[in-house]
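As they're listed, the protein sequences go chains A and B.
Residue 10 is where the first sequence starts when you use my numbering, and the numbers rise one by one after that.
Residue 10 is where the second sequence starts when you use my numbering, and the numbers rise one by one after that.
Yeah, the Cβ is synthetic: ideal placement off N, Cα and C, and Gly gets one too.
Protein chains: 2
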Amino acid sequence: MAGQNNRNSFYKILVVDDESAIRRFLSTVLSNDEFLLHEAESGNAGLAAAATVRPDVILLDLGLPDLDGIEVIRRIREWSQVPIIVLSVREREDDKVAALDAGADDYLTKPFGVGELMARIRAALRRSQQDVPEPVFSSGNLQVDFPRRLVSVDGQEVQLTPTEYDLLRLLVTHVGKVMTHSQILKQIWGVAYLEQPHVLRVNISNLRRKIETDPSRPQHIITEPGVGYRLKTY
Amino acid sequence: MAGQNNRNSFYKILVVDDESAIRRFLSTVLSNDEFLLHEAESGNAGLAAAATVRPDVILLDLGLPDLDGIEVIRRIREWSQVPIIVLSVREREDDKVAALDAGADDYLTKPFGVGELMARIRAALRRSQQDVPEPVFSSGNLQVDFPRRLVSVDGQEVQLTPTEYDLLRLLVTHVGKVMTHSQILKQIWGVAYLEQPHVLRVNISNLRRKIETDPSRPQHIITEPGVGYRLKTY
DNA sequence: GCCAGGCTTGACACTTTCTTGACGTCTGTT
DNA sequence: AACAGACGTCAAGAAAGTGTCAAGCCTGGC
């Protein structure tokens, strides 16, 4: 449960600290198959990286050479709600209050335990991952709701088999582009089926029967003769 | 900006601590025109208060007479995302990690500065200005009361085993979405059971017998063949 | 140590999905 | 107009997935 990554990808962590020793230390303890580290060694570099990298968490040192850390927090908060965890040697209460009120999410005083840092990172990620908008594909009368794995035509829910859904998802994720027969066969049935283009035709047919208003005149899944199929947008 | 209350009303803070001295201290420092304090002096009283009071923040001591604080966090997290700030004398890193991973948002070691506590409360409130979900789920003739762990069908209380309740809760918390077999197995039985999809089927069957009017025609727990299960809304 | 409830496991019947082959249709070319 | 090649449809058997029952095991409470 703890620290589990449901996203099929790395969480990006941005470390903003001018001491390379700290950056190297964090790099060793945090670089694993869950986190991907980016580094910045000044406030301005950090601000730039926050915008370009779009990290999931920012670890920020307050004592930076160019900008004050508090200022960095404020500037980021002008446009982003990304969790900011302050790592600082300053242990005065005023510093903590100032950083937290400027928009920081958490404040750790150096030296800190690695386990605690990682637990606080996980806590911050858990909170911020709660409300991610759901990507729903829509084209004409066809709707594909990926998180719900729901396909509907004219608002009516349609029941797809696993293979049909995979096939539709493949076309949707490459909407507009032609997917060749071999690309589709490889992705869905595996290389062993490259010589069996028949299964593809059968499944396209079944899929069309379910999502096309008139399967003999496909609106969505267009045949590109001799090449493959293409999902048309509306 | 800092500490400003945009809601035309008090923020409700629930203090769960068995030492009346601490409660009185927090009451003095936090009771002002911004916060309204509620108090509970045991874990069970805290759980009950969390459900009835619906606080905006919970300040939780780990050393409670009846339940372990970690368990209190877990039980609250079963149905609520309310920010939980742990106040504890335990300063071992393991305690912090356990509390944070159980679902706590922050962890302060006693003694702490009042200013820091208030800043961390403000930070937690700032983040959680989202609407709190109802602690009771209702769909058709099915009702799940999370704080009380009570399930009823047609107003009639239904007795579920712990596993069945966990399973139902998982589906309810992801209502509408398809939970794949592996997601469910991982969450409830652990990764070791990924190759044992049979236990899942048996439990789904048992659960259906208890909550479905006609278990052979499920209204709530829908099978998505080859993929998983999904709780339908009405 | 016994009992009750809950969990796991296996057997088996049932349902859905996948694969395969036969055949029909379309399109562009000669 | 006939043909070739590619594409689409249908249906039946095979395979995979799913639901149910019940026996045995484990565990915690008494």
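Under the three-state reduction of DSSP output, Ser40/A falls in the coil class, being neither helix nor strand. Secondary structure note for Leu134/A: its alpha helix (DSSP H) is the uninterrupted segment 123 to 137. By the rule that beta-carbons nearer than 8 Å mark a contact, Gln228/B does not touch chain A. Close partners of Arg129/B in chain A (Cβ separation under 7 Å): Leu109. For Thr170/A, at least one C-beta of chain B is nearer than 8 Å to its own C-beta. For the stretch 142 to 162 of chain B, the set of positions with a beta-carbon nearer than 8 Å to some beta-carbon of chain A is empty. Taking a beta-carbon distance threshold of 8 Å, Asp65/B does not count as an interface residue toward chain A. Against chain B, the CB of Lys105/A has a partner CB under 8 Å away; the residue lies at that interface. Put simply, the CB of Gly235/A is far from chain B, with every gap to its CB atoms at 8 Å or more. DSSP places Tyr20/B inside the beta strand (DSSP E), whose first and last residues are 20 to 25. Taking all protein chains in view, the Cβ of Glu100/A is surrounded by fewer than 16 other Cβ atoms within 10 Å, so the residue is classified as exposed. By the Cβ-count criterion, Ser97/B is buried, with 16 or more other Cβ atoms from all chains shown falling within 10 Å of its own Cβ.
In this chain, Asp77/A is not harboured by any alpha helix (DSSP H), its DSSP state being neither H nor E. If you draw a straight line from the Cα of Glu233/A to the Cα of Val187/A, it is about 8 Å long. The C-beta of Leu203/B has fewer than 16 other C-beta atoms within 10 Å across all chains shown, which makes the residue exposed. Against chain A, a Cβ distance below 9 Å from Arg136/B picks out Gln90, Pro92, Asp114, Arg136, Ser137. Separation of Arg135/A and Arg83/B (C-alpha to C-alpha, rounded to the nearest whole angstrom) is 14 Å. Taking C-beta atoms as the reference points, Val106/A and Leu71/A fail to come closer than 8 Å. Counting along the chain, the unbroken beta strand (DSSP E) around Arg239/B starts and ends at 237 to 240. The Cβ atoms of Tyr243/B and Leu180/B lie no closer than 8 Å to each other. In the structure shown, the three-state DSSP call for Tyr243/A is coil. Asp75/A is positioned such that its CB atom lies closer than 8 Å to that of Ser51/A. Per DSSP, the continuous alpha helix (DSSP H) segment holding Gln192/A begins and ends at 190 to 198. With fewer than 16 other beta carbons inside 10 angstroms of its own, Trp88/A counts as exposed. Residue pairing by DSSP places Thr232/B opposite Tyr238/B in a beta bridge. Our two residues, Thr61/B and Thr170/B, have alpha carbons roughly 25 Å apart in a direct line.
When Cβ pairs closer than 8 Å are counted between the two stretches, the stretch 151 to 159 of chain B is seen not to touch the stretch 194 to 203 of chain B, the count staying below three.
With fewer than 16 other Cβ atoms inside 10 Å of its own Cβ, Phe121/B counts as exposed. Between the C-alpha atoms of Ser137/B and Asp175/A there is a straight-line separation of about 37 Å. By the rule that beta-carbons nearer than 8 Å mark a contact, Gly52/A does not touch chain B. For Gly124/A, the chain B residues whose Cβ falls inside 9 Å of its Cβ are Glu102, Asp103, Lys105, Val106, in order along the chain. About 15 Å separates the CB atoms of Leu216/B and Leu159/B; that is not less than 8 Å, and the two are not in contact.
Cβ-Cβ distances below 8 Å link Leu45/B to Phe19, Tyr20, Lys21, Ile22 in the same chain, with the five nearest sequence neighbours on each side left out; the list follows chain order. Proximity of chain A to Gly164/B at the Cβ level (cut-off 8 Å) is not reached, the minimal Cβ distance being about 29 Å. The beta-bridge partner set that DSSP reports for Val66/B consists of Ile22/B.
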